[in-house]
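Asker: 36 is the number of the first residue of the sequence shown in our numbering; add one for each residue after it.
I have a structure I would like to understand better, so I am pasting it below and will then ask my questions one at a time.
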Amino acid sequence: MSDNAPTIFSRIIAREIPATIVYEDEQALAFKDIHPAAPFHVLVIPKRPLASIEAMSPEDAALFGHLVWVCKKVANDAGHSAYRVVANAGAEVGQTVFHHHFHVLAGRSFKWPPG
Ligand code: 5GP
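What follows is the structure, given as structure tokens:
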């Protein structure tokens, strides 16, 4: 799938707006959510501006596997071995920024199913 138009997350990648970055490599960036929904709330994004999981092609599978590993790493590095990883794909289910991101949440109890 072709890449999406730039969003505010592209500006965070480019360091045009500030964010508290907790991890970075060639493919991925992880930074604290500006409105945390848990004591630990980090967003893990690909540097490529893919809009959402819905924009994935089979060739993107390795990238997404890497992003899941980054989710585990940032949680573990903050001392969390239990965490929730969430991705909203589509406005109807709550996506507001159309650059794919995994939410990594920890530090409190969570209900299931999510609302
Ligand atoms: P979504 O609703 O798309 O799944 O999640 C978007 C997330 O991005 C929200 O949790 C929101 O708080 C976060 N967010 C939106 N704008 C910014 C920003 O400029 N900086 C940071 N760090 N987080 C942002």
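Using N, Cα and C, we set each Cβ at its ideal position, and we do this for glycine too.
Are three or more beta carbon pairs between the region 69-80 and the region 90-97 nearer than 8 Å?
Answerer: Contact fails: fewer than three Cβ-Cβ distances are below 8 Å.
Asker: Using only the alpha-carbon positions, how far apart do I69 and F44 sit?
Answerer: Spanning the two alpha carbons is a distance of roughly 12 Å.
Asker: Check whether the Cβ atoms of V120 and L98 sit closer than 9 Å, and answer yes or no.
Answerer: No, Cβ-Cβ distance for V120 and L98 is not below 9 Å.
Asker: For P84, is the classification buried or exposed, using 16 other Cβ atoms within 10 angstroms of its Cβ as the cut-off for buried?
Answerer: With 16 or more Cβ atoms within 10 Å of its Cβ, P84 is classed as buried.
Asker: If you count every other CB in all the chains shown that lies within 10 Å of the CB of I47, and 16 or more means buried, which is it?
Answerer: Buried is the call here.
Asker: Please report the distance separating the alpha-carbon of T42 from that of E51.
Answerer: Roughly 12 Å between the two C-alpha positions.
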